[in-house]
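Some notes on the structure that comes next.
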């Protein structure tokens, strides 16, 4: 199991406790070695900053969870899934005219292909090539 997976399993409050304990341990060791300086103000400043940061992180995390839940509820009301992607949506087949190589048919074919396929960000490059190949016949199909 990787350390990334292990970290995901540790509850956030346990991470905070471990971080605080590590600071306490290191700061105490520094104070024991360097008894000439007054480390109490540094300890107080760090403690204040640590707990302010933890509180801000918890607030942002809570806010994100609330927003995700609101979005999920609104999407569920409309019968949609929040996690669905545009490539998962089933669309009606594209009706691109067939191009066989005649010069007079080129402009309408090109315009339709660009409008329906080339500029469609929801299609992968493989799907775009598939649409192109399926729209060609005769000499035009043999060129690809």
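Numbering (the UniProt record's numbering), first residue to last: 1 to 144. We put the beta carbon where it would ideally sit given N, CA and C, even for glycine. Small disclaimer: the values here were computed from a predicted structure and weren't measured.
Roughly how many angstroms lie between the CA atoms of residue i and residue j, to the nearest whole one?
| i | j | result |
| --- | --- | --- |
| residue 126 | residue 56 | 45 Å |
| residue 143 | residue 120 | 24 Å |
| residue 42 | residue 64 | 33 Å |
| residue 90 | residue 116 | 15 Å |
| residue 59 | residue 52 | 11 Å |
| residue 134 | residue 128 | 10 Å |
| residue 35 | residue 28 | 11 Å |
| residue 61 | residue 18 | 19 Å |
| residue 107 | residue 138 | 17 Å |
| residue 48 | residue 26 | 17 Å |
| residue 118 | residue 136 | 15 Å |
| residue 45 | residue 66 | 32 Å |
| residue 33 | residue 20 | 20 Å |
| residue 105 | residue 132 | 15 Å |
| residue 37 | residue 50 | 22 Å |
| residue 101 | residue 130 | 18 Å |
For the alpha helix (DSSP H) that residue i lies in, which residues bound it at each end?
| i | result |
| --- | --- |
| residue 118 | Careful: residue 118 lies outside any alpha helix (DSSP H) and carries neither H nor E. |
| residue 97 | No alpha helix (DSSP H) holds residue 97; DSSP gives it neither H nor E. |
Where does residue i fall in DSSP's three states?
| i | result |
| --- | --- |
| residue 124 | coil |
Determine the contact status of residue i and residue j, defining contact as a CB-CB distance below 8 Å.
| i | j | result |
| --- | --- | --- |
| residue 99 | residue 140 | yes |
| residue 96 | residue 123 | no |
| residue 54 | residue 110 | no |
| residue 39 | residue 30 | yes |
What ranges does the alpha helix (DSSP H) occupy inside the stretch 9-71, keeping only unbroken runs of at least 4 residues that lie completely in it? Counting only runs of 4 or more, we get 12-33.
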